[in-house]
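S.K.:
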Amino acid sequence: MRNNNLNTKKLFYENELLPLYLERCRWFRSKARKIQSVKITEDIPIGKNSAVAHLLFLEVLYVEGLSETYLLPVSFASKSASEKIIKENPAAVISKLKCGDADGIIYEGTFDQSFRKNILLMIAKKSSADGSHGKLTAYPGKFLKTFLQPDKFPSLEKSQILKVEQSNTSFLYGDKLIFKLFRKLEEGVNPELEIGKFLTEKTSFRNTPLFAGAIEYGRSGFRPIVIGIVQSFVANYGDAWKYSLDSLERYYERVLARKTEIQKIPSPPISILEAAYIIPPPQIREMAGVDYLEMVRLLGKRTAELHLSLNNETQDPYFTAEPFSALEQHSLYQSQRSLTKKVFETLRKNQKTLPASVGAETSKLLNSEKEIIAK
0 MRNNNLNTKK
10 LFYENELLPL
20 YLERCRWFRS
30 KARKIQSVKI
40 TEDIPIGKNS
50 AVAHLLFLEV
60 LYVEGLSETY
70 LLPVSFASKS
80 ASEKIIKENP
90 AAVISKLKCG
100 DADGIIYEGT
110 FDQSFRKNIL
120 LMIAKKSSAD
130 GSHGKLTAYP
140 GKFLKTFLQP
150 DKFPSLEKSQ
160 ILKVEQSNTS
170 FLYGDKLIFK
180 LFRKLEEGVN
190 PELEIGKFLT
200 EKTSFRNTPL
210 FAGAIEYGRS
220 GFRPIVIGIV
230 QSFVANYGDA
240 WKYSLDSLER
250 YYERVLARKT
260 EIQKIPSPPI
270 SILEAAYIIP
280 PPQIREMAGV
290 DYLEMVRLLG
300 KRTAELHLSL
310 NNETQDPYFT
320 AEPFSALEQH
330 SLYQSQRSLT
340 KKVFETLRKN
350 QKTLPASVGA
360 ETSKLLNSEK
370 EIIAK
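Structure (structure tokens):
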């Protein structure tokens with residue numbers, strides 16, 4: 000009778016509650032697809048005694064298209080403890096639950112401080128956890144011990160969820176470590192794990208977050224699944240794209256403010272690649288902003304250093320250089336040549352629909368087609 004009740008509750012969660020809960024989660028990527036059913040395919044307990052949470056693998060089947068598997072940590076909170084969760088994070092509540100005489104809620108486990116702590120402890124202690132069909136294995140990176148020294152560990156026990164991500168979920172431990180929990184699960188090599196670990200442990204490149212550990216799921220007959228990775232935390236101060244847009248806006252503001260005094264600056268008859276090695280005239284540097292030009296130079300330098308570091312490996316098959324044969328070079332050339340011709344063809348067909356103000360430039364460009372393709 001007890002098993003029948005459990006099966007009934009499981010079916011209710013799979014058929015009713017979980018589809019509705021997934022559709023309102025920011026990290027669920029397929030909101031535009033109609034869910035046919037959800038099946039719990041794996042259940043892995045994390046922690047001990049009253050602090051146990053469960054990692055659920057949810058196979059999501061759709062009316063059309065291939066199924067997907069998502070990761071959902073769940074925790075239980077008693078009636079007294081649930082009041083705070085409902086008040087502070089109402090969206091985390093999955094359902095109410097009555098177990099005998101005890102009432103409480105089932106809620107998103109990432110909001111459980113004990114769960115977040117146990118995840119880090121698993122990695123630090125190289126722990127494992129058995130599921131219904133496979134095993135969870137955690138392991139530290141070479142640099143994790145530098146963050147888990149006795150005088151630093153207490154601050155790492157208090158963690159918080161970063162609220163800026165959508166497709167994954169990240170925990171911040173103090174101001175030292177960040178753990179990324181992957182929501183959509185996929186078998187095989189995880190580029191973020193492999194590249195981060197390689198750069199940290201096999202190169203001297205230190206301009207990316209340091210790899211500090213990971214958790215993987217293994218099952219006989221299947222390729223491993225990366226559940227999450229922990230790295231050193233680097234505060235976000237913006238990205239190069241937005242920084243460039245802001246700098247470009249300021250550039251135009253400076254030009255407009257001084258357009259009466261700016262003399263025409265001659266454009267040297269050289270290619271854009273050749274221009275990259277020429278120091279811009281003082282007027283251009285002033286208008287563009289010396290700080291911005293320096294940051295662009297630094298970005299180029301760091302990118303080059305990254306590629307040199309990735310190119311140093313000679314043993315790891317995932318990172319060794321692959322030959323770029325003459326046949327492949329010719330294939331790339333032909334594809335780019337064909338694309339260029341298609342662009343010119345499209346431009347020629349639509350030339351009459353373009354504004355008159357760009358007519359002369361368009362004709363000049365079209366007349367240069369053979370010269371451009373020849374290059």
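At position 231 of the sequence shown the residue is numbered 230 (numbering that gives the first Met the number 0), and the sequence of numbers has no breaks. Even for Gly, the Cβ is constructed at its ideal location relative to N, Cα and C.
#1: Buried or exposed: where does Ala359 fall if 16 or more other Cβ atoms within 10 Å of its Cβ makes it buried?
#2: Does the stretch 132-140 come into contact with the stretch 203-212, if we say contact requires no fewer than three beta-carbon pairs (one atom in each stretch) closer than 8 Å?
#3: Grab me the residues of Leu120's own chain with a C-beta within less than 8 Å of its C-beta, minus the 5 sequence neighbours each way, in chain order.
#4: If Leu247 sits next to Thr68, beta carbons under 8 Å apart, how far is it from one beta carbon to the other, in whole angstroms?
#5: Closest to Ser231 by CA distance: which of Arg205, Gly237, Ser219 and Pro223 is it?
#6: Should Glu456 go down as buried or exposed, given a rule of 16 or more other Cβ atoms within 10 Å for buried?
#7: Quick one: give me the first and last residue of the beta strand (DSSP E) that Thr68 is part of.
#8: Would you mind reading off the limits of the alpha helix (DSSP H) that contains Gln230?
#9: Thinking Leu17 and Leu57 are a contact (beta carbons under 8 Å), I'd like their distance in whole angstroms, please.
#10: Since Ala325 is in the beta strand (DSSP E), which residue starts that stretch and which ends it?
#11: DSSP on Val289, reduced to helix/strand/coil?
#12: What do you get for Asn189, buried or exposed, if any count of 16 or more other CB atoms within 10 angstroms of its CB means buried?
#13: Check for me: the alpha helix (DSSP H) holding Ala373 runs from which residue to which?
#14: With Gln314 as the anchor, note down where its beta strand (DSSP E) starts and where it stops.
#15: Can you tell me which of the three DSSP states Leu19 falls into?
#16: Starting from the N-terminal side, write out each stretch of the alpha helix (DSSP H) that is 4 residues or longer and does not extend beyond the stretch 178-257.
#17: Would you identify the three-state DSSP class for Ala137, choosing helix, strand or coil?
#18: For Lys196, I'd like the list of residues in its chain whose CB is within less than 7 Å of its CB, leaving aside the five on either flank, ordered along the chain.
#19: Give the single residue among Pro208, Thr352 and Leu55 whose Cα lies nearest to the Cα of Leu143.
#20: Applying the criterion that 16 or more other CB atoms from any shown protein chain within 10 Å of the CB defines a buried residue, is Gln35 buried or exposed?
#21: Using C-beta distances below 6 Å, list every residue in its chain close to Arg182, excluding the 5 sequence neighbours before and after it, in chain order.
#22: Could you tell me how far apart the beta carbons of Glu186 and Phe221 are, in whole angstroms, since I believe they sit closer than 8 Å?
#23: Classify Arg1: buried if its beta carbon has 16 or more other beta carbons within 10 angstroms, exposed otherwise.
#24: Does the distance from the CB of Thr202 to the CB of Ser308 come in under 8 Å?
#25: Can you tell which of Glu344, Thr352, Asn349 and Asn14 has the C-alpha that lies nearest to the C-alpha of Glu368?
#26: For Thr361, which residues from the same chain have a beta carbon less than 8 Å from its beta carbon, with the 5 sequence-adjacent residues on both sides left out?
#27: Please go through the same chain and pick out, in chain order, the residues whose beta-carbon is closer than 6 Å to the beta-carbon of Ser378, but skip the five residues on each side of it.
#28: Quick check on DSSP: helix, strand or coil for Glu360?
#29: Note the first and the last residue of the continuous alpha helix (DSSP H) segment covering Leu353.
#30: Report the option in Phe75, Asn117, Lys124 and Ser330 whose CA atom is closest to the CA atom of Glu107.
#31: According to DSSP, is Ala123 helix, strand or coil?
#32: Can you name the start and end residues of the beta strand (DSSP E) that Leu96 belongs to?
#33: Just mark Phe11 as buried or exposed, buried being the case when its beta carbon has 16 or more other beta carbons within 10 Å.
#34: Using beta-carbon positions only, say whether Val62 and Lys33 come within less than 8 Å of one another.
#35: Measure the alpha-carbon distance for Lys9 versus Ser330 and round it to whole angstroms.
M.R.: On the basis of the supplied data:
#1: Burial call: exposed.
#2: yes
#3: Ser126
#4: Their Cβ separation, rounded to whole angstroms, is 42 Å, which puts Leu247 and Thr68 out of contact at 8 Å.
#5: Arg205
#6: Nothing can be reported for residue 456: it is not among the residues displayed for the chain, which extend from 0 to 374.
#7: For Thr68, the enclosing beta strand (DSSP E) stretches over residues Glu67 to Ser77.
#8: Counting along the chain, Gln230 falls outside any alpha helix (DSSP H), though it belongs to the beta strand (DSSP E) covering Ile224 to Ser231.
#9: Leu17 to Leu57, Cβ: 6 Å. Contact.
#10: Unbroken run through Ala325 is the alpha helix (DSSP H), Ala325 to Lys348; no beta strand (DSSP E).
#11: It is helical.
#12: buried
#13: Glu368 to Ala373
#14: Unbroken run through Gln314: none, as it is neither H nor E.
#15: helix
#16: 190-201 and 239-256
#17: strand
#18: Gly140 and Phe210
#19: Pro208
#20: exposed
#21: Trp26, Tyr69, Leu70 and Asn167
#22: 6 Å
#23: Any reading at Arg1 needs caution, since the residue's pLDDT is 45, under 50, leaving its predicted position unreliable; the model's value is listed next. Counting Cβ neighbours within 10 Å, Arg1 comes out exposed, since fewer than 16 surround it.
#24: yes
#25: Glu344
#26: Leu346, Gln350 and Leu353
#27: What the structure shows of the chain is the stretch from 0 to 374, and residue 378 is not part of that stretch, so it cannot be assessed.
#28: In the structure shown, Glu360 sits in a helix (DSSP, three-state: H, G or I).
#29: DSSP places Leu353 in no alpha helix (DSSP H); its state is neither H nor E.
#30: Phe75
#31: helix
#32: Val92 to Cys98
#33: exposed
#34: yes
#35: 54 Å
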